[in-house]
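Undergrad: What the first sequence shows, in the working numbering, is residues 7 to 747, in sequence order.
Backbone N, C-alpha and C fix where the C-beta goes; we use that ideal spot for every residue, glycine too.
All of these numbers come straight from a predicted model, not from anything done at the bench.
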Amino acid sequence: AFDRLYRDGLAYRTEALVNWCPGCRTSVSDLEVIPTPETGTLWSVRYHLIDEASGQPDPDAWITVATTRPETILGDTAVAVHPDDPRYTGVVGRRVRIPFVERDVPLIADETVERGFGTGALKITPAHDHDDYATGKRHDLPMITILADDATINEAGAPFTGLDRFDARRRILEELRARGDLEGERPHEMVIGRCQRSHDVIEPRLKTQWFIRTEPLAAVALEATRAGRTRILPERFEKTWEHWLTTIRDWNVSRQLWWGHRIPAWYCADGHVTVSAEADGPAACDACGRPAAELEQDPDIFDTWFSSGLWPFSTLGWPDDTPDFRRFYPTSVMETGYDIIFFWVARMMMLGIHLTGTEPFHTVYLSGLIRDPEGQKMSKTKGNVVDPLGLIDETGADALRFALIHGATPGLDQKFGRAKVEGARNFANKLWNATRFVVGARPPTIAEDAPRAQPDEGCLGPAERWLRSRAAATVQAVDEAMAAYAFGEVTRILYDAIWSEFCDWGLELAKVRLADESLPVEAREATWWTLVESLDTYLRLLHPVMPFVTETLWDAIPHRADDPELLIVADWPPVGERDAAIERRLDTLFETITAIRNARATARIDASSWLETHVALGDDALPLFQDLAPAIERLARARPLLLSPSGSALPRPSGSLEIVLPGGAVEATVLTGASDDAARLERGRLEKELAEAEGRLATARARLANSAFVGKAPPSVVEGARVRERELAEQVERLRERLAS
RNA sequence: GGGCGGUUAGCUCAGUUGGUCAGAGCGCCUCGCUUACACCGAGGAAGUCACAGGUUCGAGUCCUGUACCGCCCACCA
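1) Measure the Cβ-Cβ separation of Phe508 and Ala440 and say whether it is below 8 Å.
2) To which residues of the same chain is Ala154 closer than 8 Å at the C-beta, ignoring the five residues directly before and after it?
3) Decide if the segment 388-400 is in contact with the segment 363-374; the criterion is three or more beta carbon pairs, one per stretch, under 8 Å apart.
4) Measuring alpha carbon to alpha carbon, tell me which of Phe331, Glu380, Pro646 and Leu466 ends up nearest Arg424.
5) Using 8 Å as the threshold, is the segment 104-113 in touch with the segment 181-197, meaning 3 or more CB pairs across them?
6) What are the boundary residues of the beta strand (DSSP E) that includes Tyr1?
7) Write down the C-beta distance between Pro420 and Arg377 rounded to the nearest angstrom, noting that I regard them as a contact closer than 8 Å.
8) Can you look up Gln202 in the DSSP assignment and give me helix, strand or coil?
9) Look up Cys27 in the DSSP assignment and say whether it is helix, strand or coil.
10) From which residue to which residue does the beta strand (DSSP E) around Leu617 run?
11) Taking the straight line between their C-alpha atoms, what separation do you get for Ala503 and Ala430?
12) Looking only at its chain, what residues have a beta carbon closer than 6 Å to the beta carbon of Ala162, apart from the 5 residues adjacent to it on each side?
13) With a floor of 4 residues, list each alpha helix (DSSP H) that falls wholly inside the segment 316-403, ordered by position along the chain.
14) Are at least three pairs of beta-carbons, each pair with one atom in the segment 292-307 and one in the segment 271-279, less than 8 Å apart?
15) State yes or no: is the C-beta of Ser373 within less than 8 Å of the C-beta of Glu341?
16) Using DSSP with H/G/I as helix, E/B as strand and the rest coil, what is Thr42?
17) Can you tell me the Cα-Cα spacing of Leu223 and Leu548, whole angstroms?
18) Thr32 by DSSP, collapsed to three states: which one?
19) On the CB-based measure, 16 or more other CB atoms within 10 Å of its CB, does Thr141 come out buried or exposed?
20) Extract the residue ranges of the alpha helix (DSSP H) inside the segment 147-185, only unbroken runs of 4 or more that lie entirely within it.
21) Taking the alpha helix (DSSP H) that Ser650 belongs to, which residues open and close that run?
22) Helix, strand or coil: which one does DSSP assign to Trp272?
23) In the DSSP assignment, find the beta strand (DSSP E) that holds Ala67 and state where it starts and stops.
24) For Trp265, tell me which candidate among Asp146, Ala225, Asp309 and Gly287 has the shortest Cα-Cα distance.
25) Sorted by chain position, which residues of the same chain lie with C-beta nearer than 6 Å to Thr401's C-beta, five sequence neighbours on each side aside?
26) Ile588 and Trp472 - do their beta-carbons sit closer together than 8 Å?
27) Quick check: the Cα distance between Arg171 and Ala164, rounded to an integer number of angstroms?
28) Taking the C-alpha atoms as reference points, what is the distance between Glu571 and Gly701?
29) With distances taken between CB atoms, is the gap from Ser35 to Trp257 smaller than 8 Å?
30) Tell me which same chain residues have a C-beta within less than 6 Å of the C-beta of Pro148, skipping the five on either side of it?
31) DSSP beta-bridge partners for Gly277?
32) Leaving out the 5 sequence neighbours to the left and right, which residues in its chain are closer than 6 Å to Glu38 when beta-carbon positions are compared?
33) Give a yes or no on whether the C-beta atoms belonging to Val71 and Leu113 are separated by under 8 Å.
34) Please report the distance separating the alpha-carbon of Ala86 from that of Glu241.
35) State the Cα-Cα distance for the pair Phe443 and Ala613, rounded to the nearest angstrom.
36) Evaluate contact between the segment 266-275 and the segment 245-252, counting only Cβ atoms and requiring at least three cross-stretch pairs below 8 Å.
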């Protein structure tokens with residue numbers, strides 16, 4: 007890759023100002039310099055003007071400069087003021103004496119100087135400051151390096167040679183004060199660049215190193231996102247992307263470290279450069295033909311992100327045209343944290359497009375960061391890091407995966423702790439037990455190793471049709487969420503479908519039918535096959551999130567002849583057919599059961615006692631309720647259970663529990679055997695329900711009475727409001743009847 | 001100095017194109033060992049959706065501003 011970049015004119019070696027970390031003894035990229043706000047000191051220092059006659063500094067004439075880094079005085083090669091600054095119009099062009107090094111430097115005018123800052127006069131240290139470097143270039147100033155690699159003062163900084171930079175600063179200040187040239191000092195809020203890794207103060211300094219010319223690379227990366235060939239999600243990050251890539255500077259890729267890919271560049275005695283992609287290096291110098299034995303390889307290595315930037319294709323055998331590369335490049339979706347969008351994603355894009363001609367992925371999905379339960383960034387020094395392996399030992403990898411995905415919203419950080427993993431572990435456990443139940447509930451008429459059979463359509467009851475319809479709904483919902491990269495939504499859909507629908511209602515209904523000896527064998531078999539079918543669907547849907555437990559459980563259920571050995575390669579489930587009518591009626595049935603349970607609990611009736619219960623409901627749902635009567639009996643502890651068409655007179659002995667469903671479509675009476683206490687509690691519940699229903703009814707009526715609403719809202723919305731109003735009115739009426747009697 | 005995100009039940013967070021969206025999990029309260037599961041089951045309480053304006057018949061949901069928390073980018077020594 008480097009060889010290609012070099013030959014394409016995109017890699018070059020030059021002496022330039024780099025970010026030097028004295029602690030790591032290496033240069034680092036701009037991205038690895040962390041701007042850190044700190045309170046420093048701003049010192050005012052007098053530089054004496056040179057008397058033009060004597061050529062000596064004038065003790066009584068000076069210009070005062072402001073600096074936060076007095077040690078860099080040793081490297082000053084100019085003093086700059088703004089050209090339009092009236093205070094200095096007379097002195098521009100004269101020379102000043104730099105103390106200690108006794109160097110005379112020009113007083114120059116440059117528009118970048120802020121007149122309002124400090125004294126309006128700025129010392130220029132081109133070899134140790136990015137701004138000054140630019141100024142030095144503009145004015146062709148000498149660049150004097152005064153620091154060694156360990157940030158001690160070098161020979162150029164005599165008489166302070168050998169002192170650490172901060173010791174040198176103290177000494178210099180002392181001496182300036184002694185000379186009377188330290189005019190003042192004051193605290194100064196500033197931003198200091200520190201090393202991302204060692205936190206040392208970064209020293210800008212001159213080094214001869216390799217750079218990647220980023221502008222053309224950034225241009226093609228930008229073009230790819232602008233044209234939509236690569237999409238960044240969430241979209242708002244495209245703005246960040248644009249900004250960074252349009253202001254990007256050339257990338258220093260040389261590192262003076264040991265671990266990494268060594269830079270494949272060789273130098274001869276004449277300083278010629280030979281870059282080679284050969285494993286053993288070049289045979290001879292490209293320029294002068296000196297043999298390999300006389301060449302020396304660059305001791306530096308690449309920035310780790312240079313190597314990482316090649317990942318999408320270097321892992322596939324590139325630059326060879328391998329089957330893997332042909333099959334898997336370009337990749338599809340790049341998922342990573344937003345914190346490395348520049349470090350990694352941008353580099354993969356720039357290098358990938360240039361080197362392969364194709365964007366490495368069509369979508370970049372940026373997730374948030376995982377933080378500790380208090381919202382702190384996890385760090386080893388803080389000790390708040392979750393050890394995934396330890397957690398996996400405790401709760402399983404599936405639980406960890408589920409928890410991380412469940413809690414994730416694209417691009418937003420999530421607080422993460424034990425509680426979330428435990429919830430996911432419980433879910434896995436629930437699924438495990440549900441499967442255990444299904445496997446154990448196999449009717450004896452079905453052989454243990456029987457191949458998977460379709461439920462007999464003719465034998466399906468409403469519960470079975472409901473299970474199938476809900477499974478279809480879940481497949482559809484999961485498909486949509488997946489397509490939208492809403493992975494947290496995927497887990498939420500599956501959690502609800504499996505726990506609240508399949509387990510809470512589906513299995514409970516199935517238990518009753520499976521145990522019903524009065525039904526023909528075929529009916530019970532159909533119920534079981536329906537359970538297997540739904541479970542099979544849910545396991546397939548959940549597999550990407552919880553691969554291990556689903557794989558194991560899937561192995562335990564009967565399979566079709568064309569199923570593969572493993573779930574991981576099994577087909578994604580197709581969307582089945584919905585049955586809206588069944589879903590609606592079952593919902594009503596569930597609501598009825600819940601309402602009866604609620605009434606019983608409110609009246610503090612022993613949950614295990616069986617009570618005579620009367621239910622009246624509309625003709626459309628009545629047959630279904632009759633069909634599922636045994637299940638209602640069991641789930642509502644309603645026995646005997648009497649079902650009748652709505653409008654039928656229900657018995658209302660004292661102490662009975664009165665139930666009216668929203669909409670008034672279902673009414674029920676539970677005979678408690680009369681207890682004053684129960685009756686009182688029950689009445690309180692009914693009154694509360696009435697008050698709530700009346701409140702909603704008033705709101706609904708007010709809305710419909712508003713001619714603007716009726717006139718402007720879409721007809722479907724108005725119609726919906728009318729239906730709601732009717733239902734509430736019905737419910738209120740029924741409740742009043744109950745309370746009156 | 002620019003740019004961005006967050007502010008919804010005690011806690012952690014969902015809420016796609018504005019119209020039963022006020023939700024989930026945990027926690028809490030009351031019951032319960034009913035033949036898959038107490039890592040469970042049944043029921044329940046709990047939010048003026050940060051604040052102030054505005055648009056609209058209608059706004060957590062759109063616009064403007066404010067406050068607080070956080071992040072990114074940035075060559076005022």
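TA: Reading from the atomic positions:
1) Against a cut-off of 8 Å, the Cβ pair of Ala440 and Phe508 comes out as a contact.
2) Shown here for Ala154: same chain residues with a beta carbon closer than 8 Å to its own, the five before and five after excluded, namely Asn160 in chain order.
3) Not touching, per the Cβ criterion.
4) Arg424 has its Cα closest to that of Glu380, out of Phe331, Glu380, Pro646 and Leu466.
5) By the Cβ rule, the segment 104-113 counts as touching the segment 181-197, because three or more pairs are nearer than 8 Å.
6) Examination of residue 1 is not possible in this model, given that the chain is present from 7 through 747 alone.
7) Note that residue 420 is Gln in the sequence shown, not Pro. Contact between Gln420 and Arg377 holds: their C-beta atoms lie close to 7 Å from each other, under 8 Å.
8) DSSP places Gln202 in coil when its eight states are reduced to three.
9) Looking at Cys27 - three-state DSSP - the assignment turns out to be strand.
10) Annotation: the continuous beta strand (DSSP E) that includes Leu617 extends over Leu617 to Leu623.
11) In a straight line, the C-alpha of Ala503 is about 15 Å away from that of Ala430.
12) The answer, listed in chain order, is Ile150 and Ile152.
13) Along the length of the segment 316-403, whole alpha helix (DSSP H) runs at least 4 residues long occupy 317-320, 329-334, 353-362 and 394-401, reported in chain order.
14) Segments in contact, yes.
15) Against a cut-off of 8 Å, the Cβ pair of Glu341 and Ser373 comes out as a contact.
16) In the structure shown, Thr42 adopts extended strand secondary structure according to DSSP, grouped into three states.
17) Leu223 and Leu548 have their C-alpha atoms some 40 Å from each other.
18) Correct three-state label for Thr32: strand.
19) Looking at its Cβ environment, which holds 16 or more other Cβ atoms inside 10 Å, Thr141 is buried.
20) 171-185, all fully within the segment 147-185.
21) Ser650 -> not in any alpha helix (DSSP H); beta strand (DSSP E) instead, spanning Ala644 to Pro651.
22) If DSSP states are grouped into helix, strand and coil, Trp272 belongs with the strands.
23) For Ala67, the enclosing beta strand (DSSP E) stretches over residues Pro63 to Thr73.
24) If we check each option's Cα against that of Trp265, Asp309 comes out closest.
25) Within the same chain, Thr401 has close Cβ partners Val427 and Arg431.
26) Ile588 is positioned such that its CB atom lies closer than 8 Å to that of Trp472.
27) Distance between the alpha carbons of Arg171 and Ala164: 13 Å.
28) Answer to the nearest angstrom: the Cα atoms are 58 Å apart.
29) The Cβ atoms of Ser35 and Trp257 lie closer than 8 Å to each other.
30) Only Thr83 meet the Cβ criterion.
31) According to DSSP, which records beta bridges pairwise, Gly277 is partnered with nothing at all.
32) These residues qualify, in order along the chain: Gln202.
33) By the CB criterion at 8 Å, Val71 and Leu113 fall outside the cutoff.
34) Each residue's Cα considered, the two are about 44 Å apart.
35) Roughly 24 Å between the two C-alpha positions.
36) Flag = no, the segment 266-275 and the segment 245-252 do not touch.
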